[in-house]
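The structure under discussion appears below in the form of C-alpha coordinates.
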Amino acid sequence: MNTVDLLRKSVDLDLPDSRPSTPALMGLVAGLVGGVGDDRLVDVQVVAAQLVGNAYRHARAPRRLRMYRLSDRDLVRIEVGDGSSSLLPVLGRLDAPEHGRGLLMVNRLSVDWGHRRDGDRKTVWAEVSLA
(Lines of atoms letter the chains of each structure in order from A and count residues from 1; the text may use other names and numbers.)
(Lines give C-alpha, C1' and ligand atoms only; values in the text may rest on other atoms or scores of the structure.)
Protein backbone atom coordinates (compact mmCIF):
# COMPACT_ATOMS: atom_id res chain seq x y z
CA MET A 1 0.00 0.00 0.00
CA ASN A 2 1.38 3.40 -0.98
CA THR A 3 0.88 6.28 1.43
CA VAL A 4 2.20 9.80 1.65
CA ASP A 5 1.03 11.40 4.88
CA LEU A 6 2.68 14.79 5.22
CA LEU A 7 0.62 15.62 8.31
CA ARG A 8 2.06 12.61 10.10
CA LYS A 9 5.36 13.12 8.30
CA SER A 10 5.66 9.73 6.63
CA VAL A 11 6.11 8.23 3.16
CA ASP A 12 5.63 4.53 2.36
CA LEU A 13 5.83 3.70 -1.36
CA ASP A 14 6.32 0.68 -3.56
CA LEU A 15 8.91 1.89 -6.05
CA PRO A 16 8.28 1.37 -9.79
CA ASP A 17 10.36 -0.88 -12.05
CA SER A 18 12.15 2.13 -13.49
CA ARG A 19 13.99 4.53 -11.23
CA PRO A 20 11.85 7.52 -10.15
CA SER A 21 12.95 10.92 -11.36
CA THR A 22 15.27 12.88 -9.11
CA PRO A 23 12.89 15.89 -8.94
CA ALA A 24 10.03 13.62 -7.82
CA LEU A 25 12.16 12.10 -5.06
CA MET A 26 13.47 15.51 -3.96
CA GLY A 27 9.88 16.79 -3.81
CA LEU A 28 8.83 13.91 -1.54
CA VAL A 29 11.73 14.67 0.79
CA ALA A 30 11.00 18.41 0.82
CA GLY A 31 7.35 17.71 1.66
CA LEU A 32 8.37 15.43 4.50
CA VAL A 33 10.98 17.65 6.15
CA GLY A 34 9.70 21.09 5.15
CA GLY A 35 10.63 23.88 7.50
CA VAL A 36 14.20 22.78 8.18
CA GLY A 37 17.22 24.70 6.94
CA ASP A 38 18.45 24.21 3.39
CA ASP A 39 21.61 22.38 4.55
CA ARG A 40 19.59 19.75 6.41
CA LEU A 41 17.11 19.41 3.57
CA VAL A 42 19.94 18.78 1.12
CA ASP A 43 21.50 16.21 3.49
CA VAL A 44 18.24 14.24 3.61
CA GLN A 45 17.79 14.54 -0.16
CA VAL A 46 21.32 13.27 -0.87
CA VAL A 47 20.95 10.31 1.49
CA ALA A 48 17.54 9.37 0.05
CA ALA A 49 18.83 9.66 -3.53
CA GLN A 50 21.88 7.51 -2.77
CA LEU A 51 19.88 4.75 -1.06
CA VAL A 52 17.23 4.68 -3.80
CA GLY A 53 19.89 4.81 -6.52
CA ASN A 54 21.79 1.90 -4.97
CA ALA A 55 18.61 -0.19 -4.85
CA TYR A 56 18.19 0.31 -8.61
CA ARG A 57 21.86 -0.04 -9.48
CA HIS A 58 22.73 -3.08 -7.35
CA ALA A 59 19.53 -4.91 -6.37
CA ARG A 60 16.39 -6.34 -7.85
CA ALA A 61 12.71 -5.65 -7.36
CA PRO A 62 10.52 -5.39 -5.44
CA ARG A 63 11.74 -2.07 -4.05
CA ARG A 64 10.11 0.02 -1.34
CA LEU A 65 10.83 3.48 0.09
CA ARG A 66 9.86 4.44 3.62
CA MET A 67 10.69 7.79 5.19
CA TYR A 68 9.42 9.11 8.47
CA ARG A 69 10.28 11.69 11.04
CA LEU A 70 11.41 10.63 14.49
CA SER A 71 10.29 13.85 16.16
CA ASP A 72 11.38 12.80 19.63
CA ARG A 73 14.97 12.64 18.30
CA ASP A 74 14.69 15.32 15.55
CA LEU A 75 15.69 12.80 12.87
CA VAL A 76 14.40 11.50 9.57
CA ARG A 77 14.71 7.76 9.01
CA ILE A 78 14.98 6.65 5.38
CA GLU A 79 14.54 2.95 4.56
CA VAL A 80 14.90 1.43 1.10
CA GLY A 81 13.97 -2.23 0.76
CA ASP A 82 14.78 -4.50 -2.15
CA GLY A 83 14.62 -8.13 -3.23
CA SER A 84 18.36 -8.88 -2.97
CA SER A 85 19.06 -10.10 0.56
CA SER A 86 22.43 -11.61 -0.33
CA LEU A 87 23.95 -8.40 -1.72
CA LEU A 88 24.88 -6.33 1.33
CA PRO A 89 25.96 -2.68 1.26
CA VAL A 90 29.69 -1.98 1.24
CA LEU A 91 31.40 1.36 1.78
CA GLY A 92 33.24 2.46 -1.35
CA ARG A 93 36.63 4.11 -1.60
CA LEU A 94 37.35 7.81 -1.94
CA ASP A 95 39.74 7.08 -4.79
CA ALA A 96 37.14 5.11 -6.79
CA PRO A 97 37.25 6.41 -10.37
CA GLU A 98 33.55 6.96 -11.06
CA HIS A 99 31.10 5.02 -8.87
CA GLY A 100 31.24 3.56 -5.40
CA ARG A 101 31.20 6.65 -3.20
CA GLY A 102 27.46 6.85 -2.49
CA LEU A 103 27.57 5.03 0.84
CA LEU A 104 30.54 7.16 1.87
CA MET A 105 28.22 10.17 1.50
CA VAL A 106 25.47 8.34 3.41
CA ASN A 107 27.99 7.52 6.15
CA ARG A 108 29.14 11.14 6.35
CA LEU A 109 25.69 12.78 6.32
CA SER A 110 23.87 10.31 8.60
CA VAL A 111 23.81 10.03 12.36
CA ASP A 112 23.59 6.25 11.88
CA TRP A 113 22.95 3.83 9.04
CA GLY A 114 22.92 0.09 8.44
CA HIS A 115 20.94 -2.77 6.96
CA ARG A 116 18.74 -5.67 8.01
CA ARG A 117 17.69 -8.86 6.28
CA ASP A 118 14.16 -10.16 6.24
CA GLY A 119 13.92 -13.49 4.41
CA ASP A 120 14.70 -12.90 0.75
CA ARG A 121 14.65 -9.11 1.15
CA LYS A 122 16.91 -6.55 2.74
CA THR A 123 16.46 -2.98 3.88
CA VAL A 124 19.20 -0.36 3.94
CA TRP A 125 18.38 2.49 6.32
CA ALA A 126 19.84 5.79 7.45
CA GLU A 127 18.93 8.36 10.07
CA VAL A 128 19.66 12.01 9.27
CA SER A 129 19.58 14.82 11.81
CA LEU A 130 17.25 17.75 11.28
CA ALA A 131 18.88 19.81 14.04
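Following my numbering, the numbering of the sequence shown begins with 18 at its first residue and continues without gaps.
Backbone N, C-alpha and C fix where the C-beta goes; we use that ideal spot for every residue, glycine too.
Handout entry: Cβ distance (whole Å) where K139 is taken to contact Y85 below 8 Å
Key = Not confirmed; about 19 Å, so no contact.
Practice task
Evaluate contact between the region 34-42 and the region 116-128, counting only Cβ atoms and requiring at least three cross-stretch pairs below 8 Å.
Solution key: no
Exercise for the section: Locate the beta strand (DSSP E) running through V64, then write down its first and last residues. Expected result: Looking at the DSSP string, V64 is not in any beta strand (DSSP E); the run it does join, the alpha helix (DSSP H), is D55 to H75.
Handout entry: 6 Å CB neighbourhood of P79 in its chain, flanking five on each side removed
Key = Excluding sequence neighbours, P79 sits near G100.
Problem - Per DSSP, cross-strand counterpart(s) of V145 - result: V93
Practice task
Name the residue from D56, N71 and S103 whose alpha carbon lies nearest to the alpha carbon of D135.
Solution key: S103
Exercise for the section: Measure the Cβ-Cβ separation of V145 and L92 and say whether it is below 8 Å. Expected result: yes
Practice task
For R94, count neighbouring Cβ atoms within 10 angstroms of its own Cβ and tell me buried if that reaches 16, exposed if not.
Solution key: buried
Problem - Rounded Cβ spacing between L49 and V69 (contact assumed at less than 8 Å) - result: L49 to V69, Cβ: 14 Å. No contact.
Handout entry: Between the CA atoms of D129 and G98 - distance to the nearest angstrom
Key = 17 Å
Practice task
Using 10 angstroms around the beta-carbon of H60, count the other beta-carbons present and answer buried if the total reaches 16, otherwise exposed.
Solution key: Contrary to the premise, residue 60 reads as Asp rather than His in this sequence. It counts as buried.
Exercise for the section: Verify whether the separation of the beta carbon atoms of G119 and Q67 is less than 8 Å. Expected result: yes
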